[in-house]
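Take a look at the structure set out below.
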Amino acid sequence: MKQNNYQENILNLLRSAKRDFKYEVHDLLRKVTKKHILSQIVNEKEIRVAGLKRSGNHAIINWIRKQHTGEVWHLNNIPVSENPYRFLYKHYPREHLRREALGNFIKKDCLIYSHEDYSLELITNTKNQKNHDLYLGKSQTIYDIIILRDPFNLLASRIKKNYMQVKDNSQTVLDLWLEYAKEYLGETDYFKNQKVCINYNQWFIDPDYRKQLASQLEFQFSDAGINQVKGQGGGSSFEGKEFDGKASEMDVLNRYKGFENDPNYQELLKNEEVLEYSRKIFGHTC
């Protein structure tokens, strides 16, 4: 049995290497022979979203999608260093993804794609961005969204779902939260496109704030989608999809109360830098 598993693993590695080689050749040929096509606009609007898991990413993205018309796509939780359509096609072998993976793009009114639990340095790394037009198509207007939730409720939700790991094992959730907080406040400048910072806490409770965000992102505000609970990530850490249709009734700003005696949560309270940035952005600590 072990021998069979070993042979199967070797075969899978060879298949993967062969597939990657074919992709590299295909990319090179497109760069050389399809320059005129690569210069054409594919996406009228592109929105890149960066957020930590359990920060309300799916709720906010769904809210944005529901208020756009026409051909609107969302590529969920994609890697930063490979063709997102190929990545998705490997997991969901559907014809429309295969076409996009080959560069046969359809015109899109709005393309949204999200990265979760990645450092901003990695997301914006020049090496990872060099094939942008090749992988996604050229965009007329590009927005960068950074989503931030207060660290207390964020950590409570991540403890509940056992989501304490991030993409880079050398970093912790709090390391990444601080990195995002500094970008949110403009102390760093990783994002070079039109940057929109979203305070999840305020987005959840304040329709005027949501209207302001709609203006920044240049779409007509209707607040459609505000009460939906999306299934990605299992829905809410606490209620799943129980509140679908009435999401605004969820107690998302008080999740921390059930974790005040949890050792992981207590560790947060010892981090003075996190507490300081929480005060700056959210106006309080718990």
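The opening residue of the sequence shown carries number 1408 in our numbering; numbering runs sequentially from there. Where is the CB? At the ideal position from N, CA and C, for every residue including glycine. Since the structure is predicted, the reported quantities are computational estimates derived from the model, not experimental observations.
- Rounded to whole angstroms, the gap between the alpha carbons of L1682 and L1581 is 11 angstroms.
- In the DSSP annotation of this structure, the continuous segment of the alpha helix (DSSP H) that includes H1465 starts and ends at 1464–1473.
- Residue nearest to Q1635 within the set L1435, W1480, N1464, L1541 is N1464 (criterion: CA-CA distance).
- Under the rule that a run must span 3 or more residues, the beta strand (DSSP E) segments found entirely inside the stretch 1534–1586 read 1545–1555.
- Following the DSSP letters along the chain, one finds N1608 inside the alpha helix (DSSP H) bounded by residues 1607–1612.
- Taken through DSSP and simplified to helix, strand or coil, S1423 comes out as helix.
- Less than 8 angstroms divides the Cβ of L1624 from the Cβ of Y1550.
- Distances from the alpha-carbon of E1478 to those of P1500, V1449, H1498, N1490 put V1449 closest.
- Per the coordinates, the alpha-carbon of F1689 lies some 37 angstroms from the alpha-carbon of D1540.
- Straight across, the Cα-Cα distance linking Q1578 with T1595 is about 18 angstroms.
- Leaving aside the five residues that flank F1512 on each side, the residues in its chain whose CB is nearer than 7 angstroms to its CB run, in chain order, V1449, G1544.
- Residue pairing by DSSP places K1515 opposite N1450 in a beta bridge.
- With a threshold of 16 other beta carbon atoms within 10 Å, S1423 falls short and is exposed.
- Going by DSSP, V1681 is part of no beta strand (DSSP E) but of the alpha helix (DSSP H) stretching over 1679–1689.
- In the DSSP secondary-structure assignment, E1523 is bridged to G1458.
- Counting the other CB atoms within 10 Å of its CB gives K1452 a total of 16 or more, which places it among the buried residues.
- Note on T1531: 16 or more other CB atoms within 10 angstroms of its CB, so buried under the neighbour-count rule.
- Taking the Cα positions, C1517 is about 16 angstroms away from N1600.
- For Q1414, DSSP records no beta bridge to any residue.
- Put simply, the backbone Cα of N1412 is about 12 angstroms away from that of L1420.
- With a cutoff of 8 angstroms on beta-carbon distance, L1675 and Y1607 are scored as not near each other.
- According to DSSP, residue pairing for L1482 in a beta bridge involves Y1520.
- Distance from the Cα of N1678 is smallest, within the candidate group E1502, I1633, L1585, K1574, for L1585.
- A residue is called buried when at least 16 other Cβ atoms come within 10 angstroms of its Cβ; P1500 does not meet this threshold and is exposed.
- Put simply, the backbone Cα of H1481 is about 26 angstroms away from that of K1429.
- L1509 is the residue among A1588, A1457, L1509 whose C-alpha sits nearest the C-alpha of D1427.
- Between K1589 and D1524, the CB-CB gap reaches or exceeds 8 angstroms.
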